[in-house]
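So the protein sequences, as listed, match chains Y, E, U and L.
Once you know that position 10 of the first sequence is 10 in this note's numbering, the rest is easy, because the numbers rise by one and skip nothing.
Once you know that position 2 of the second sequence is 2 in this note's numbering, the rest is easy, because the numbers rise by one and skip nothing.
Once you know that position 31 of the third sequence is 31 in this note's numbering, the rest is easy, because the numbers rise by one and skip nothing.
Once you know that position 158 of the fourth sequence is 158 in this note's numbering, the rest is easy, because the numbers rise by one and skip nothing.
C-beta: ideal position from N, C-alpha, C; glycine also.
All of these numbers come straight from a predicted model, not from anything done at the bench.
The structure appears right after this line, and notes come after that.
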Amino acid sequence: MKQLSRRQMAWRAAQDIADGAYVNLGIGLPTLVSDYLPKDREIVLHSENGILGMGPAPKPGEEDPDLINAGKGLTTLLPGGAFFHHNDAFLMIRGGHLDLALLGAYEISETGDIANWTVEDPATPPGVGGAMDLAAGAKEIRVILEHNTKEGASRIRRRCHYPLTASGVVKRIYTNLAVIDVTPDGLVVREIVPELDFSQLQDKTEARLTLANDWRKLEAPAI
Amino acid sequence: MKQLSRRQMAWRAAQDIADGAYVNLGIGLPTLVSDYLPKDREIVLHSENGILGMGPAPKPGEEDPDLINAGKGLTTLLPGGAFFHHNDAFLMIRGGHLDLALLGAYEISETGDIANWTVEDPATPPGVGGAMDLAAGAKEIRVILEHNTKEGASRIRRRCHYPLTASGVVKRIYTNLAVIDVTPDGLVVREIVPELDFSQLQDKTEARLTLANDWRKLEAPAI
Amino acid sequence: MIDKRVKDLASAVAGIKDGATLLFAGFGQVGEPVELIQALLEAGVRDLTVAANNSGTGEVGLAKLIRERRVRKLICSFPRTSDSHCFEAAFAEGAIELELVPQGTLSERMRAAGAGIAGFYVRTGAETKLAEGKETRMIDGKLHVLERPLRGDVALIKALKGDRWGNLVYRKSARNFNPVMAMAADLVIAQVKEIVELGALDPECVVTPGIFVDRVVEVGR
Amino acid sequence: MIDKRVKDLASAVAGIKDGATLLFAGFGQVGEPVELIQALLEAGVRDLTVAANNSGTGEVGLAKLIRERRVRKLICSFPRTSDSHCFEAAFAEGAIELELVPQGTLSERMRAAGAGIAGFYVRTGAETKLAEGKETRMIDGKLHVLERPLRGDVALIKALKGDRWGNLVYRKSARNFNPVMAMAADLVIAQVKEIVELGALDPECVVTPGIFVDRVVEVGR
């Protein structure tokens, strides 16, 4: 079955970010989104370690060890960017100043709950980072995640089974198979990959889905 | 009767400020203290409008309208000084970072209550400014005030009759007649002007006073 | 493209509605966005609630707005200053309501609004008249007052320089309430002496990052 | 005269006691005061409670302190990073206690300690496992968690430049937790790349004013 690659998922999520938006990209998959921001839009990336206006990864030879993103990868600063301390970085998050946080997740519920901080594996210590702050604070939360686990289980569930990060906050979900909105009437499918029909998508999804009247095919360029 | 002038009171209070202290001087009488800081000590003056390291009043021709103190008089900045915003200025105050606030007052009680923000005159609107923040926040509060009102009433009272600014915070009182400590055992007189004996001072004071064994004469240079 | 620059003062204050809650920066006249307030006056809005440290000086800025009876309520720490006769006259007439707030609490309540803090406990004002009617709580053996966020529909602020992303720097003690008010309103309008090119402000020294600012207007002073 | 400069790392960490609560700045290794932590290790103190965003990297700094079993408890938002095997080993053995705190709440709790805020209400963590056992409250129709200040006996921080009054500036994203930790401890010790003359730092661009800092030691990097 043809499905979106991780980079194509990132590309798709990037297309929905409005010109002028202040955006935090979560660690992992969402970080890839920065590579696909539409060139004709000015989008200001925020990092919780005190940066607004992050640019692309540095060119070889231009790396600065004091300039890293939230995933601790090397980054750059655009003209117009600014540095500030951690407390102001989270003031921006918690105070609702970010237009959008694009987060990864283990599971999403049909009411927009998100679980992305622990799988409760007793062998490894849990970590939360800025996940709860972002999920509770940004004006809008969208999530990018694989539709199913490697074992085929649905990550889009009636209720999250892993511990919650925040409840009822997710508005849009990008998966390798579909784009789905969380609405007051439940999950509404906006886009599906061409190789799948709605009932096949529903079969791969624990939560109940509705198909939007104006649904489209989910397509992304080869990347 | 010989008593200290306002400038002599300010001089006396200045002598007790330790080298290296971070100090906020209240509006009015306490502001005069900055003219008498001992030259051999480095004392960092804080202003609630966002300054650490205030210097003396500007020389003629060097006035900068953007550089004012809490009393809205023109001031200067010493080398090593810094500017910050109002919120950080009050973080310093409320967070206990100031070693000392020297405040003016209408009344002080024998338990260290201070009333310095309103005389409840219905004809004029009340103002509090930073008085309550300073009184509640600085590590130590000392007060400079005239011992008696123009009508001869005691400003050092058993209980304050004007509305309180904070309760139980004042540690030392400088008046035109005496230096008095607020202790767990009540008000202890440390210094009295030479022209007055203890019983005369008590007669001018509503609160009960005790004379320290090692009391001294309160003297100040002609200023 | 992000371009927060607006061409003139009238555009800068466009859309502010009667009955709005406004935050006016400044400490006395220093850092006060006088030109923006004048433009607001000319725009004719009224029935305003204004949070500001003082009540205006002489007959300009906030003082003039009060004189013209556009301000229904003032939230303020120190309304009576050397030349606050406009406010005093309105107050004596009962034409303006006053909510007196300790200066640090005024600032912290606005920060709370900007920082997603729904309430906080402070010692300031405990056991005083200004805490009357407020919820209190013993914490670590001391009485604390629960304070609530103070949010503006609009903040009018003044800075030295700004760029098209809305980044701002200030000058000396004219910084005062400007950065905190910039965090605490739905619409933040900054007058600046000079608009500079994007990238001209040192990213280590930007005081108000552009995320907080919606409009920037150059006023040349 | 105010002179917060100390001559070497051993003097910088002198007097830190067994059982102390320490704040370690840094985000991963960036802005981490590695040399101060190494000096602390050499000073032999133990039974420490450490608040830090991560749990140390490789076998230096906090990681080494944990490896040597000097840390009884870690207060932390994200202990598991690319090279956090020292912590993971101690955790697996039950040799270290972990208090997991959302990153913004960790930062805000320290600010509260520095700002005289005895408690504050946030949405972060509400209705999650990390709020279990914490007091909650409905405010404006939403559940909020009451968070309490987090204060250190000592903060170890790292800056780019400092002066004898303790004023500090940082470099790029190495600023991170340093300024907030500088506000939140009884004893604040800063390692700096370079000590500069008093007055050499631009007063408009000082990030941590000296009032927050007790000792400054130059480490040349």
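Proximity to residue i [Cα-Cα], best of the options
i	options	result
L/MET138	L/ASP214, L/PRO149, L/TYR121 and L/ALA131	L/TYR121
E/ARG41	E/ALA135, E/TYR22 and E/ASP66	E/TYR22
L/LEU146	L/ARG123, L/GLY152 and L/ALA25	L/ARG123
L/VAL180	L/LEU9, L/LYS142 and L/ALA159	L/ALA159
E/TYR106	E/HIS46, E/GLU120 and E/ARG208	E/GLU120
Y/GLY81	U/THR208, U/PRO102 and U/VAL217	U/THR208
U/GLY116	L/HIS144, L/ASP47 and L/GLY61	L/HIS144
U/ALA39	U/PRO149, U/PHE212 and U/LEU9	U/LEU9
U/LEU48	U/ARG148, U/ALA25, U/LEU74 and U/VAL34	U/LEU74
Y/THR111	Y/ARG216, Y/GLN8, Y/ASN213 and Y/VAL188	Y/VAL188
E/CYS160	E/THR118, E/ALA222 and E/LEU52	E/THR118
Y/VAL33	Y/THR124, Y/ARG216, Y/TRP11 and Y/PRO79	Y/TRP11
L/LEU168	L/PRO149, L/ASP186 and L/ALA200	L/ALA200
E/ILE27	E/HIS46, E/TYR162, E/TRP215 and E/GLN200	E/HIS46
L/ALA12	L/LYS161, L/GLU197, L/VAL154 and L/LEU198	L/VAL154
Residue i, buried or exposed, once every other Cβ within 10 Å from all chains shown has been counted against 16
i	result
L/GLU42	exposed
Y/GLU195	exposed
U/THR57	buried
U/SER55	buried
Y/ASN49	buried
U/PRO102	buried
Y/ARG155	buried
E/THR149	exposed
U/ASP163	buried
L/THR81	buried
E/PRO56	exposed
E/ILE43	buried
U/ARG109	buried
U/ARG3	The sequence shown places Asp at residue 3 of chain U, not Arg. Exposed.
E/ASN213	exposed
Nearest-angstrom Cα separation, counted from residue j out to residue i
i	j	result
E/ASP185	E/ARG158	13 Å
U/GLY152	E/THR205	48 Å
U/LEU156	U/GLY31	10 Å
Y/PRO65	U/GLY15	45 Å
Y/LEU29	Y/ALA131	14 Å
U/LYS257	U/CYS205	Lying before the first or after the last residue shown, residue 257 of chain U is absent from chain U, which here runs from 1 to 221.
Y/VAL179	Y/GLY104	14 Å
U/THR128	E/LEU134	14 Å
L/ARG221	L/GLN29	13 Å
Y/ARG35	Y/PRO58	Residue identity differs from the one stated: residue 35 of chain Y is Asp in this sequence, not Arg. Going from the Cα of Y/ASP35 to the Cα of Y/PRO58 covers about 12 Å.
Y/ASP16	L/LYS142	29 Å
L/GLY133	U/ALA131	30 Å
Y/ASN116	Y/VAL169	13 Å
L/ILE195	E/ARG190	43 Å
E/LYS39	L/MET1	10 Å
CB contact flag (residue i, residue j, <9 Å)
i	j	result
Y/ILE141	Y/LEU100	yes
E/LEU102	E/VAL143	yes
Y/THR31	Y/GLY71	yes
Y/ALA220	Y/LEU4	yes
U/ALA51	U/CYS86	no
Y/LEU211	Y/THR175	no
Y/ASP181	Y/ILE173	yes
U/ALA184	U/GLY114	yes
Y/ASP203	Y/ALA166	no
U/VAL216	U/ARG5	yes
L/SER77	L/LEU106	yes
E/HIS85	U/ASN53	no
E/ILE68	U/PHE27	yes
L/GLU97	L/ARG72	yes
U/PHE212	Y/HIS147	no
Y/PRO125	L/PHE91	yes
L/VAL210	E/LEU52	The sequence shown places Gly at residue 210 of chain L, rather than the Val named in the question. Cβ distance < 9 Å, so L/GLY210 and E/LEU52 count as in contact.
Partner residues on chain C for residue i, Cβ-Cβ distance less than 7 Å
i	result
L/VAL206	Structure shown: chain C not included; protein chains present are Y, E, U and L.
Task: Any beta strand (DSSP E) of 3 or more consecutive residues that is wholly inside the segment 16-65 of chain Y - done: 22-25, 44-47 and 51-54
Task: Length at least 4, wholly inside the segment 31-88 of chain U: the alpha helix (DSSP H) runs in chain order - done: 34-43 and 61-67
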